[in-house]
Each structure stands twice: as C-alpha cells, then as structure tokens.
Amino acid sequence: LVEKMASVGEANGTTLLDNTIFTYGSGLGDGASHQYNKLPIIVAGRGRGKLRAGGGHLNVPNGTPLANLWLAQAQALGLKRDRFADSTATLGQVLA
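Plus 733 on top of the position in the sequence shown (first one is 1) and you've got our numbering.
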C-alpha cells in the first residue's frame, strides 16, 4: 500500500504518500499479557512535510502513551491542541 501511495503523483509534483499520514499498528505490544510497551506501530507518509522522513525505528521510554503519537499527528494536520486523551506530551520525534 505504501509503495502504491508513493507512486501516485499529485498535481504539485509531490506524491500521495507525501501528503498523507498513514498509521498502522496495535495498542498492545503483547495481546496475551495486555502489556502496553514495545507497540508495533508503523507510521508512513510526510503529512505535507510535517512528519520526519527517512524511516527507521523509534524507541520511546516505557509508559509513553500512544496518545502522544496521536497528538503529534493531529498537530501535524493543523489542529491546535496541547492534549489528546491520556497524552502527556507531543511525540516530537516524529515531527519534521
């Protein structure tokens, strides 16, 4: 899906993936034990240049709420919010 989105050109010379925030994953790192650490989350796209590009692995401290990622993505989309659900901060590592 990500490769397909990267191959779709937009009128301004960017791609569909450049102008998208695509998130896929789970809120549980281990469904059997219901632990909330080491979450398998994939974030793709640049969000019109608001998200950091280049790929790679992001390791955040244990106990970091997933809502911190949702808050960062909401801010990248232009929402003026300082909190979302149980967020404690913006996950700034994903922002450009």
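Heads up, the beta-carbon is just placed ideally off N, CA and C, and yes, glycines get one too. Remember, it's a predicted structure, so these values are computed and weren't measured experimentally.
Going by C-alpha distance, which of the options is nearest residue i?
{"i": "L750", "options": "G788, G778, Q768, N770", "result": "G778"}
{"i": "P798", "options": "G788, F817, A744", "result": "F817"}
{"i": "L677", "options": "F755, N745, L824", "result": "With the chain covering 734 to 829 only, the question about residue 677 has no answer from this structure."}
Do you know offhand how far residue i's Cα is from residue j's?
{"i": "Y757", "j": "Q826", "result": "18 Å"}
{"i": "G811", "j": "L761", "result": "28 Å"}
{"i": "N792", "j": "N770", "result": "10 Å"}
{"i": "S759", "j": "A744", "result": "34 Å"}
Could you check what DSSP says for residue i in three-state terms: helix, strand or coil?
{"i": "G825", "result": "helix"}
{"i": "A818", "result": "coil"}
{"i": "A805", "result": "helix"}
{"i": "A744", "result": "coil"}
{"i": "A777", "result": "strand"}
For the ligand FAD, is there any heavy atom lying closer than 7 Å to the beta carbon of residue i?
{"i": "G764", "result": "In the structure shown, the ligand FAD is absent, as is every other ligand, since no ligand is present at all."}
Buried or exposed: residue i, going by 16 or more other Cβ atoms within 10 Å of its Cβ?
{"i": "A805", "result": "buried"}
{"i": "Q808", "result": "buried"}
{"i": "N801", "result": "buried"}
{"i": "V776", "result": "buried"}
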